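A.B. asks:
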Amino acid sequence: MANHIKVDDKTTTKSKSNLRTLKKRKAIWAYIFLAPQIIVFFVFSAYPIVMSYVYSFYEWSGIGPLNDFVGLGNYQQLLTSERFWNSAVVSIYYILGTTVLGVGGALILAIILNDQKLKGKGFYRAIYFLPVVTTTAIVGIIMGNIFGINGFFNQFLLHVSIIDKPIPWLTDPLLAVILLIVIGSWKGLGINMVYWLAGLQSIPNELYESAQLDGAGFWATLRHITLPLLKPIAAVIILLSLVSGINAFDLVKTLTNGGPNFATETMDLLIYNFAFSSQLGGGQVRMGYASAAGVLLGIFTFVISMIFGAVSFGKQVTKFRVNKKKKGGVSV
Amino acid sequence: MIATKTARTTIHVFLVIFGIVWIYPFVWMVFSSLKTNKEFLTSGTKLMPEELRWENYANAWVTANFSGYFVNTVIFTVATVLIVIVLSSLTGYALGRIDFPGKRVIMICVVAIMFIPKGYTIIPLFKLVSAMGLDNSILGIIVAESSGAHVLFILMFASFFANLPKSVEEAAEIDGAGFLTVFSKVMLPLSMPIVATTAIMQFIWTWSSFLVPLVLTISKPELRTLAVGMQNFVQTYSIDFSGMAAGATISLLPVMIIFIIMQKYFIEGVAGAVKS
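Quick mapping for you: the protein sequence lines, in order, are chains E and C.
Just add 1 to the spot in the first sequence (first one is 1) and you have this note's numbering.
Just add 1 to the spot in the second sequence (first one is 1) and you have this note's numbering.
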């Protein structure tokens, strides 16, 4: 602010107006640069969101005009449907499970791999990151084979005599959900590890040095320096993990296809099944019904982000406000 | 931080064993792709095939049309990467370098899009692409895939451009360069590291994309990408296990090779984007 006024005082009226037109011209260029992204946003994001709501009020097979208006009928059907609530519960299990395992495990790994003196840490990082870059849909198919009843994993367990008969990983409802969570966590752990490493590397080294001088051991340093200082980035990492858990489709579709008997059907898969797959959707395509489920998924995502955001960012926002006030006070 | 020698050795042992478990599925996949179907089912925990069956690859490539899927995936991926670079560099430049009314609102919108689940918009997106007459073309998949807001990339470009010193563009402006020239001849070339990171990351993501190509190729099997074609292969040839493994290897190998060559770029790109 102060800088601004100084410049204004020194400049003559003429160059001031020049500066203004230059600024205006640049602003126009900014809008031109933004135009493609904004157009794309309205056509492919905003419009589909609005249309999701519109479709959700119709009984509609996806073909022909929208003429069978059912009001909130689809919502009523969904909210009283066992299958819908089951999918919501599966999604919540998956979201929480992958966040606890994937984010927590990644933190342990990141702390180990952040050690500057550890030899070959780049190599280890690359290995643990590899599943992140692979195609989830194909991973699902490979894992389906490995965890099949006669698959490699059961063969291995039999071979080393941990079990005496094969375990039905994919056909037992509870085991299938657990397997899905474990594989989902394995897939996402690498990216969380890199996020944590970024956080760890932003902690100034002097803090560790002075802790060492004070005679603090590994656990004390971890508890009093590392973990508290990771809090802000932890909020971001957890939120990203929650959001990616909501979008669990590729893995579920290819690993279990929602089975056995819908035990692993997530909300995304339910929407897909009703909108695009006639075999599982009760024989007919119901785009309106699926859209209503989509809207509920959108609300679900919004609520999760808001609750999480309020809990984790609430404190920081109040802190920020206090700081701002303090700063203002000093400069006056 | 960890001092004693035994502790260090323990950590290395843990990291190596855990690392082998970690990538074992891929190792298993590659070895299985060289077995016969009978061996696949009866070899138990044995990794090595009796004899290397390269013909599994020829079968997957020709008979199961992985060659077609491969070409589709390359076109789809390259086009999407180019569009995403153009969109996010332009948006990032405007947001990072220029002050204009309404900037905050646009910034908030950009971040908010990240939280829109794809399952929520896929039905209208499918209908929209159909209405544009693009549902039976590879262009339709490209348009649908590249149309999201690429928040991470926009933020990377924005923070890069925001941190360049003012003198860079002033020098060019004194030489009489206009806004567009400054952007295309000075700023964009300087941002090559960001362009490269965007290209690598988007390449890997698009190569692996599933929902959009699955939905938009439902009635047009010849347009399938590798991920979608693989799913179909398993449904059609449910007894050809080593063919499945060969197809999976064909699909995963390109991204794995790119990652292994570029891993530093990739890992640091992700880390850098989060840090800033």
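For each residue, glycine too, the CB sits at the ideal point set by N, CA and C.
In this text, all values refer to a predicted model and were calculated from it rather than measured experimentally.
1) Less than 8 Å between the C-beta atoms of G311(C) and D269(E), yes or no?
2) Taking DSSP as the reference, what is the three-state secondary structure of Y25(C)?
3) In the DSSP output, which residue or residues are listed as bridge partners for Y59(E)?
4) Measuring straight from C-alpha to C-alpha, what distance separates Q77(E) and A291(E)?
5) Excluding sequence positions up to five away, which residues of its chain have a Cβ less than 8 Å from the Cβ of N262(E)?
6) I believe L158(E) touches I150(E) by the beta-carbon criterion, under 8 Å. Please report the beta-carbon distance rounded to the nearest angstrom.
7) Which chain E residues are close to L254(C), counting only those with a beta carbon under 9 Å from its beta carbon?
8) Going by other Cβ atoms of all chains shown within 10 Å of its Cβ, with 16 needed for buried, is M307(E) buried or exposed?
9) Give a yes or no on whether 8 Å exceeds the smallest Cβ distance from T218(C) to chain E.
10) Would you mind listing the alpha helix (DSSP H) stretches within the stretch 91 to 130 of chain E that are 4+ residues and don't spill past its ends, in chain order?
11) At the level of alpha carbons, what is the spacing between F219(E) and F27(C)?
12) Round the Cβ separation of A228(C) and S210(C) to the nearest angstrom and send it over; I've been treating them as touching at under 8 Å.
13) Since N66(C) contacts A247(C) with CB under 8 Å, what's their CB separation in whole angstroms?
14) Just curious, the alpha helix (DSSP H) that W206(C) is in, first and last residue?
15) Between G72(E) and the rest of its own chain, which residues show a CB-CB distance below 8 Å, the 5 nearest in sequence each way excluded?
16) Check whether the Cβ atoms of F154(E) and I147(E) lie closer than 8 Å to each other.
17) Which bits of chain E does T1(C) rub up against, with CB to CB less than 9 Å?
18) Okay, do the stretch 161 to 169 of chain C and the stretch 215 to 234 of chain C touch, 3+ Cβ pairs below 8 Å being the bar?
19) Within the same chain, show all residues whose beta-carbon is closer than 8 Å to that of K254(E), passing over the 5 residues directly before and after it, in chain order.
20) Going along the stretch 260 to 272 of chain E in order, which residues come within less than 8 Å of chain C, judged by CB to CB distance?
21) Suppose you measure from the CA of S68(C) to the CA of W62(C); what does that come to, to the nearest Å?
22) Name the chain E residues that come within less than 7 Å of A61(C), Cβ to Cβ?
23) Sorted by chain position, which residues of the same chain lie with C-beta nearer than 7 Å to F32(C)'s C-beta, five sequence neighbours on each side aside?
24) Buried or exposed: which applies to H151(C), given that a residue is buried once 16 or more other Cβ atoms fall within 10 Å of its Cβ?
25) How many Å lie between I182(E) and Y238(C) at the Cα?
26) Any beta carbon of chain C sitting closer than 8 Å to that of K27(E)?
27) What's the call for G191(E), buried or exposed, on a 16-neighbour Cβ count within 10 Å?
28) Sorry if obvious, but does the Cβ on Y48(E) come closer than 7 Å to a heavy atom of the ligand NAD?
29) Does the distance from the C-beta atom of S278(E) to that of I124(C) stay below 8 Å?
30) Hey, quick one: how far does the alpha helix (DSSP H) through Y196(E) stretch, first residue to last?
31) How is H160(E) classed by DSSP in three states: helix, strand or coil?
32) How big is the Cα-Cα spacing for V51(E) and P167(E)?
33) Kindly indicate which residue of T100(E), L20(E), I29(E), S46(E) has the alpha-carbon position closest to the one of G299(E).
34) From V144(C) to I86(C), what does the alpha carbon distance come to, in whole angstroms?
35) List the residues of chain C whose Cβ lies closer than 7 Å to the Cβ of T255(E), in chain order.
36) Using only the alpha-carbon positions, how far apart do I24(C) and V134(E) sit?
C.D. replies: Walking through what the data contain:
1) Given a span of 2 to 277 for chain C in the structure shown, any question on residue 311(C) remains unanswerable.
2) Correct three-state label for Y25(C): helix.
3) DSSP lists F70(E) as partners of Y59(E).
4) So the alpha carbons of these two residues sit roughly 13 Å apart.
5) Closer than 8 Å at the Cβ level, and outside the excluded window around N262(E), lie P174.
6) Not confirmed; about 12 Å, so no contact.
7) Contact of L254(C) with chain E by beta-carbon distance below 9 Å is absent, the smallest such distance being about 10 Å.
8) Counting other Cβ atoms within 10 Å of its Cβ, M307(E) stays below 16 and is therefore classed as exposed.
9) By this cut-off, T218(C) is not an interface position.
10) Assignment of alpha helix (DSSP H) within the stretch 91 to 130 of chain E, counting only whole runs of 4 or more residues, yields 105 to 114 in chain order.
11) Rounded to whole angstroms, F219(E) and F27(C) show a C-alpha spacing of 35 Å.
12) Correct: roughly 7 Å between the Cβ atoms.
13) About 13 Å separates the two Cβ atoms, so there is no contact after all.
14) That run of the alpha helix (DSSP H) goes 193 to 208.
15) The beta carbon of G72(E) sits closer than 8 Å to the beta carbons of F58 from its chain, once the five residues preceding and following it are set aside; these are given in chain order.
16) Contact flag set, yes.
17) Nothing can be reported for residue 1(C): it is not among the residues displayed for chain C, which extend from 2 to 277.
18) At 8 Å Cβ cutoff, the stretches do not touch.
19) Here the set comprises A138, G141, L270, Y273.
20) Identification of residues in the stretch 260 to 272 of chain E having a C-beta nearer than 8 Å to some C-beta of chain C yields M268, D269, I272, given in sequence order.
21) About 5 Å.
22) When 7 Å is used as the limit between beta carbons, A61(C) is near no residue of chain E, the shortest such separation being about 13 Å.
23) If we look at F32(C) and ignore the five residues flanking it on each side, its Cβ neighbours are L48, M49, P50.
24) It is buried - the Cβ of H151(C) has at least 16 other Cβ atoms within 10 Å.
25) Taking C-alpha positions only, I182(E) is separated from Y238(C) by approximately 28 Å.
26) Yes, contact with chain C.
27) The residue is buried, with at least 16 neighbouring Cβ atoms inside 10 Å.
28) Questions concerning the ligand NAD fall outside what the structure shown contains, since it holds no ligand whatsoever.
29) S278(E) places its beta carbon 8 Å or farther from that of I124(C).
30) Taken as a continuous stretch (DSSP letters only), the alpha helix (DSSP H) holding Y196(E) covers 174 to 202.
31) DSSP places H160(E) in helix when its eight states are reduced to three.
32) Their Cα atoms are separated by approximately 49 Å.
33) For the options T100(E), L20(E), I29(E), S46(E), the alpha carbon positioned closest to that of G299(E) is the one of S46(E).
34) Their Cα atoms are separated by approximately 14 Å.
35) Near T255(E) (Cβ distances below 7 Å), the residues of chain C are Q232.
36) Near 12 Å, if we compare the C-alpha coordinates of V134(E) and I24(C).
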